[in-house]
Amino acid sequence: MAMACRQALLLAVVAVACLSSMATATNWMVGDNDGWRAKFNTTGWADGKTFRVGDTLTFMYPKENHTVVQVGNKADFVACNLNTNAINKWDTGNDVVTLDKPGKAWFFCSVPTHCDKGMKLVIDVEDAAPSPSPSPTPPGPSSSAPVTGYTVAGAVAVAAAAVVASVLAF
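If you use mature numbering (1 follows the signal peptide of the UniProt record, and there is no 0), the sequence shown corresponds to residues -25 to -1, 1 to 145, in order.
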């Protein structure tokens, strides 16, 4: 019985560690409520935001009007090179892109003339987020706030506490 409790406790600790690392990722709605749209590059949407490995970008747009293409270099991005070997291409109108490595990430719409008219986005992606400080102060709501945030981390903490409490009750 004691061995089973120890195994359950170890399993709970491992689960909490895995879930807490997932809770630190942020889902960014590209363009906030306005979505991925023409002249996007003029909005300054990415200004002041910190993007990290593991975060996701959600591109929302009318699928019959736009696309999202990720290219691997500045030259193709600046030139709106539609003939490039794209890293990825999406066209569902509800595209979720996981940021999987640090560095620049370049995106544009591949519909002819859209990129030339400013439908493009470049971001700097940093390494994965460090462990949260013991008492973070959550930011107030804003239109450019990430889609997810402290509620996921709070839910993970509550679930972990419940698991540990139930194991210790045996």
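For every residue, glycine included, the Cβ atom is placed at its ideal position computed from N, Cα and C.
Exposure label - residue i; buried when at least 16 CB within 10 Å
i, result
"Lys38", "exposed"
"Val5", "buried"
"Gly23", "exposed"
"Pro87", "exposed"
"Leu46", "Here the sequence assigns Val to residue 46, which means Leu is not the residue at that position. Per the 10 Å Cβ criterion, buried."
"Lys95", "buried"
"Asp99", "exposed"
"Asp102", "exposed"
DSSP three-state assignment for residue i, whether helix, strand or coil
i, result
"Asp46", "Note on identity: in this sequence residue 46 is Val, with Asp being the wrong assignment. Residue state, collapsed to three classes: strand."
"Val5", "coil"
"Asn63", "strand"
"Asn16", "helix"
"Lys92", "coil"
Top-ranked residue by Cα proximity to residue i, from the options
i, options, result
"Asp75", "Ile62, Ala21, Cys84, Asn16", "Ile62"
"Asp91", "Asn2, Asn8, Trp11, Asn16", "Asn16"
"Thr(-2)", "Asn40, Val71, Thr31", "Thr31"
"Asn58", "Trp65, Thr67, Ser85, Ala13", "Ser85"
Terminal residues of the beta strand (DSSP E) in which residue i lies
i, result
"Met35", "31 to 35"
"Cys80", "Reading off the sequence shown, one finds Ala at residue 80, where the question assumed Cys. Where Ala80 is concerned, the enclosing beta strand (DSSP E) stretches over 78 to 83."
"Val71", "69 to 73"
"Lys95", "95 to 101"
Q: Please confirm if the region 16 to 34 is in contact with the region 47 to 59, defined as three or more CB-CB distances below 8 Å between the two stretches.
A: no
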